[in-house]
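Have a look at the structure below, then the notes.
Protein chains in written order, with the numbering used here: chain L, 5 to 407; chain B, 5 to 407.
This is the structure in structure tokens:
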């Protein structure tokens with residue numbers, strides 16, 4: 005709970021008011037102005053003199069391409085922290101924000117500096133940094149991290165326009181998800197933990213075919229063309245961020261089915277950076293050695309094509325990492341709990357918590373394979389990281405925030 | 005301790021006399037007669053009416069080609085049981101027998117029915133069943149198993165002749181090692197546990213080159229010719245026995261060094277039959293699943309080419325088996341103890357016993373690789389099997405032996 009005295013020096017679009025335990029009203033907002041009609045926007049951040057003891061949010065970055073299961077990931081994440089994530093009540097129905105008891109997830113598309121028309125005029129994609137306002141992103145993430153309320157723009161995915169901003173209060177855990185959470189060095193440095201969802205081209209293609217061809221009737225050629233068109237900017241601006249991630253979830257085609265191109269059975273890697281404060285990588289059987297494991301055998305029987313795990317040390321963009329890999333999918337509960345029982349450093353609070361979380365959201369995409377498993381595990385690791393940071397702060401002498 | 009009343013019905017070459025707790029003398033001998041000069045031998049077994057409560061030996065069979073490390077194996081085995089194995093005191097200096105406090109190991113070459121000259125005359129190799137007396141082998145192993153003393157022939161490897169027999173008393177553990185322990189069905193049925201040492205042709209060849217070419221100056225051609233000459237009988241009479249073995253130690257070229265043909269670094273498999281009474285196969289990490297493990301990593305560093313383990317279920321000649329494999333070799337003690345700490349069902353009596361045994365005999369061939377490790381493990385499993393059988397007998401009502 006924040007206990008602050010704040011000196012507001014500007015009028016506010018939608019001031020956030022919080023009541024402290026002492027009962028006096030506070031106002032602390034990082035605001036944002038937009039010129040909606042022009043399709044251009046000038047984000048301006050103003051910080052206020054705050055002299056207080058605040059509970060600062062832990063800030064998490066999640067990077068991935070559009071449509072790569074970020075929202076599923078976020079729902080798994082907030083579920084681990086407790087409580088369901090929902091859009092802000094009574095706000096813009098097209099808000100991209102999700103709020104739960106503990107966590108607020110914002111979508112970085114909201115920092116587009118150009119709307120759809122603006123991008124067309126300039127001939128840039130949403131992946132291009134020139135279509136995004138990193139100064140404002142930095143200012144607002146920094147403000148949230150310091151316990152301040154912000155007025156964050158909204159990019160309306162339905163209309164392609166920039167809508168009036170919404171108020172975001174500092175939560176316990178603040179997640180920024182989108183295309184560029186680790187692109188700008190200043191923003192990157194604010195992150196307590198960062199994740200990159202890395203979907204291989206083959207799987208992206210298989211998924212897009214499934215969705216756009218089977219469900220929407222697009223042609224194979226048009227799907228290929230849209231992937232190709234997107235690729236240069238993706239490779240230039242999105243993909244390089246994975247080198248900064250503390251954890252990467254890499255989604256690849258299965259190796260259990262020869263020449264599989266359906267993209268239904270997946271091989272998923274969880275790449276965990278070593279030496280990250282408050283983050284102790286998960287391991288299989290023997291920490292630091294190289295293991296491959298086919299749990300399906302005498303004790304556990306699995307249907308075709310089975311399940312295969314691998315674990316071991318590696319390097320990733322020059323960093324020491326530990327990699328846990330799962331190929332195949334779970335058919336039954338006993339397979340999932342069996343696998344969980346052989347993983348260590350899961351940061352669960354009780355035996356079977358991973359399995360419980362996976363079952364709770366059995367209807368989410370990826371609940372029977374490595375994407376769901378590793379998203380759940382990353383959720384548990386972030387909860388653990390959050391609790392360690394809070395405990396560390398509680399143990400340390402109270403700080404006086406000076407913004 | 006045997007407490008028997010025995011009716012001897014024949015004169016004895018070298019009667020075994022044992023004194024019971026009650027102080028009366030017993031005689032129980034299965035004897036053997038030979039005609040040394042002719043180079044031919046007629047083994048005859050005579051059993052005696054014995055009415056007593058005897059401690060019957062546990063009988064182990066070990067099959068392998070000549071010169072494949074059987075004697076090293078036997079020294080490891082008897083070391084695990086406690087005490088050093090030595091030739092019988094005061095007997096034939098060319099005896100093939102090894103005796104320790106608990107264990108007697110006989111060499112089945114002693115059941116050659118033809119000496120070297122006799123084999124030459126008949127044109128048969130020592131591998132040929134026609135050069136071996138299986139009736140006598142059966143009679144004598146059976147007699148030992150029933151707690152009786154035997155007079156066993158001696159095949160003199162130095163002279164190639166059949167020497168006068170030696171007296172063998174029933175030990176706690178009786179090991180028959182040689183070319184044909186599982187060839188004759190009657191003998192096979194007497195075995196409480198059986199092992200086959202399976203050296204692959206590549207490794208045999210590399211070893212023979214090392215010994216016969218480097219050390220004895222033989223030509224490559226003569227070595228190849230001697231291996232080729234031996235192969236048909238080996239394939240016909242020795243190799244098929246491995247299907248009956250409860251445990252097979254298979255020695256193969258390493259896969260860690262591409263195209264290695266030195267035969268110095270070895271890949272060794274321990275193939276353990278499932279469902280064998282009193283024998284619970286060793287496993288790595290997770291019983292019944294398939295695992296590969298490279299222990300050399302962050303915690304344990306190993307020199308080139310490293311160490312790789314594999315474990316998993318398989319079938320072997322139609323039997324369910326568990327296979328533990330080690331490729332590479334140990335350089336240092338910490339590598340060995342680290343590996344031991346991750347193996348389960350080792351039947352050790354204290355933590356580190358495998359490592360202790362390996363270090364005790366560090367000068368034995370194979371002490372730094374899978375041959376030494378798996379021989380030691382098999383020794384521990386046989387000790388455990390012996391103790392289980394003894395415990396089972398102690399729990400059962402005392403039997404009256406009737407031979």
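All C-beta atoms in this analysis are idealised placements derived from N, C-alpha and C, irrespective of residue type, glycine included. As the structure is a computational prediction, the values presented were derived from the model and not from experiment.
What is the DSSP secondary structure of residue 128/B, reduced to helix, strand or coil?
Position 124 of the second chain, counting from 1, holds the residue named residue 128/B. Three-state result, residue 128/B: coil.
How many Å lie between residue 225/B and residue 217/B at the Cα?
To locate residue 225/B, count along the second chain from 1; it is residue 221. To locate residue 217/B, count along the second chain from 1; it is residue 213. Roughly 10 Å separates the two Cα atoms.
Contact belief for residue 80/L with residue 361/L at Cβ below 8 Å, rounded distance in angstroms:
For the purposes of this step, residue 80/L is taken as the residue at position 76 of the first chain. For the purposes of this step, residue 361/L is taken as the residue at position 357 of the first chain. Yes, residue 80/L and residue 361/L are in contact; Cβ-Cβ is about 7 Å, under 8 Å.
According to DSSP, is residue 271/B part of a helix, a strand, or is it coil?
Sequence index remark: in the second chain, residue 271/B carries index 267 (1-based). Strand at residue 271/B.
Would you verify that the beta carbon of residue 374/B is, or is not, closer than 8 Å to some beta carbon of chain L?
Stepping through the second chain from its first residue, residue 374/B is reached at position 370. Not closer than 8 Å to any Cβ of chain L, the Cβ of residue 374/B fails to qualify, so no.
Indicate whether residue 351/B and residue 387/B have their beta-carbon atoms separated by less than 8 Å.
Against the second chain, residue 351/B aligns to sequence position 347. Against the second chain, residue 387/B aligns to sequence position 383. A contact, by the Cβ cut-off of 8 Å.
Evaluate residue 104/B with the Cβ neighbour count: other Cβ atoms within 10 Å of its Cβ, from every protein chain shown; 16 or more gives buried, anything less gives exposed.
Here residue 104/B corresponds to residue number 100 of the second chain, with the count starting at 1. Looking at its Cβ environment, which holds 16 or more other Cβ atoms inside 10 Å, residue 104/B is buried.
Candidates 166/B, 110/B and 121/B: closest to residue 144/B by CA position
Reading the second chain from its first residue, position 140 is the one you call residue 144/B. Of the listed residues, the one whose Cα sits closest to residue 144/B is 110/B.
Rounded to a whole number of angstroms, what is the C-alpha to C-alpha distance between residue 411/L and residue 67/L?
Residue 411/L lies beyond the residue range present for chain L, which begins at 5 and ends at 407; the question has no answer from this structure.
I'd like the ranges of any beta strand (DSSP E) spanning at least 3 consecutive residues and lying wholly in the region 56 to 85 of chain L.
62 to 67
Taking a cut of 7 Å between CB atoms, which residues from the region 307 to 323 of chain B lie near chain L?
316 and 317
Simplified DSSP assignment, three categories, for residue 197/L:
For this step, residue 197/L is matched to residue 193 along the first chain. Residue 197/L: strand per DSSP, three-state reduction.
Hey, quick one: how far does the beta strand (DSSP E) through residue 182/B stretch, first residue to last?
Locating residue 182/B in the second chain gives position 178, counting from the first residue. Unbroken beta strand (DSSP E) run through residue 182/B: 177 to 182.
Whole-angstrom Cβ separation of residue 431/B and residue 212/B, contact assumed at under 8 Å?
Any question about residue 431/B goes unanswered here, given that chain B covers just 5 to 407.
Start-to-end residues for the beta strand (DSSP E) that takes in residue 251/L:
The residue you call residue 251/L lines up with position 247 of the first chain. Element bounds for residue 251/L: 251 to 257.
Endpoints, the alpha helix (DSSP H) within which residue 393/B is located:
By 1-based counting over the second chain, the position of residue 393/B is 389. Per DSSP, residue 393/B belongs to the alpha helix (DSSP H) from 374 to 399.
Contact set for residue 135/L: own chain, Cβ-Cβ below 8 Å, skip 5 residues either direction:
Looking up residue 135/L in the first chain gives position 131. So the list reads 116, 117, 118, 122, 123, 126, 128 and 129, once near-sequence residues are dropped.
Residue 392/B CB to nearest chain L CB: under 8 Å?
Against the second chain, residue 392/B aligns to sequence position 388. Not closer than 8 Å to any Cβ of chain L, the Cβ of residue 392/B fails to qualify, so no.
Given that residue 291/L touches chain B, what residues does it touch there, using C-beta distances under 8 Å?
Translated into positions along the first chain, residue 291/L becomes position 287. Under the 8 Å cutoff, chain B gives 302 and 303.
What are the start and end residues of the beta strand (DSSP E) that includes residue 313/B?
The residue you call residue 313/B lines up with position 309 of the second chain. That run of the beta strand (DSSP E) goes 311 to 320.
Given that residue 230/B touches chain L, what residues does it touch there, using C-beta distances under 7 Å?
Reading the second chain from its first residue, position 226 is the one you call residue 230/B. By Cβ distance, chain L contributes nothing, its closest Cβ being about 41 Å from residue 230/B, past 7 Å.
Quick one: residues in its chain with C-beta nearer than 8 Å to the C-beta of residue 380/B, no 5 flanking neighbours on either side, listed in chain order?
Within the second chain, numbered from 1, the residue matching residue 380/B stands at position 376. If we look at residue 380/B and ignore the five residues flanking it on each side, its Cβ neighbours are 80, 84, 358, 361 and 362.
Step through the CB atoms of chain B and report whether any lies within less than 8 Å of the CB of residue 286/L.
Here the question's residue 286/L lines up with position 282 in the first chain. False, the Cβ-Cβ gap to chain B never drops below 8 Å.
Cβ neighbour criterion (16 or more within 10 Å) applied to residue 65/B
Locating residue 65/B in the second chain gives position 61, counting from the first residue. Flag for residue 65/B reads buried.
Are at least three pairs of beta-carbons, each pair with one atom in the region 275 to 291 of chain B and one in the region 248 to 264 of chain B, less than 8 Å apart?
yes
Are the C-beta atoms of residue 298/L and some chain B residue less than 8 Å apart?
Locating residue 298/L in the first chain gives position 294, where the first residue counts as 1. Chain B, which has a Cβ nearer than 8 Å to the Cβ of residue 298/L, makes this yes.
Round the Cβ separation of residue 181/L and residue 112/L to the nearest angstrom and send it over; I've been treating them as touching at under 8 Å.
Position 177 of the first chain, counting from 1, holds the residue named residue 181/L. Position 108 of the first chain, counting from 1, holds the residue named residue 112/L. Confirmed, Cβ separation roughly 7 Å.
In three-state DSSP terms, what is residue 362/B?
For the purposes of this step, residue 362/B is identified with residue 358 of the second chain, where counting begins at 1. Looking at residue 362/B - three-state DSSP - the assignment turns out to be helix.
Report back the beta-carbon spacing between residue 393/B and residue 196/B to the nearest angstrom; my notes put them in contact at under 8 Å.
Counting from 1 along the second chain, the entry for residue 393/B is found at position 389. Counting from 1 along the second chain, the entry for residue 196/B is found at position 192. 7 Å between Cβ atoms; contact.
Can you give me, in chain order, the residues of the region 342 to 363 of chain B that have a beta carbon less than 7 Å from any beta carbon in chain L?
346
Can you tell me whether DSSP reads residue 298/B as helix, strand or coil?
By 1-based counting over the second chain, the position of residue 298/B is 294. Of the three classes helix, strand and coil, the one that applies to residue 298/B here is strand, per DSSP.
Would you tell me roughly how many angstroms separate the C-alpha atoms of residue 229/B and residue 215/B, rounded to the nearest one?
Within the second chain, residue 229/B is the residue found at index 225, counting from 1. Within the second chain, residue 215/B is the residue found at index 211, counting from 1. Spanning the two alpha carbons is a distance of roughly 15 Å.
Cα-Cα separation between residue 342/L and residue 243/B, rounded to whole angstroms
What you label residue 342/L is simply residue 338 of the first chain in a count that begins at 1. What you label residue 243/B is simply residue 239 of the second chain in a count that begins at 1. Distance between the alpha carbons of residue 342/L and residue 243/B is about 40 Å.
Starting from the C-beta of residue 409/L, find all residues in its chain whose C-beta is less than 6 Å away, skip the five residues before and the five after it, and write them out in chain order.
In this structure chain L extends from 5 to 407, so residue 409/L is not present and cannot be described.
Just to confirm before moving on: does the CB-CB distance between residue 141/B and residue 191/B stay below 8 Å?
Residue 141/B sits at position 137 when you count from the first residue of the second chain. Residue 191/B sits at position 187 when you count from the first residue of the second chain. Taking 8 Å as the Cβ cut-off, residue 141/B and residue 191/B qualify as a contacting pair.
Within chain L, partners of residue 294/B - CB distance below 9 Å
To locate residue 294/B, count along the second chain from 1; it is residue 290. In chain order: 296, 297, 298, 299, 300, 301 and 312.
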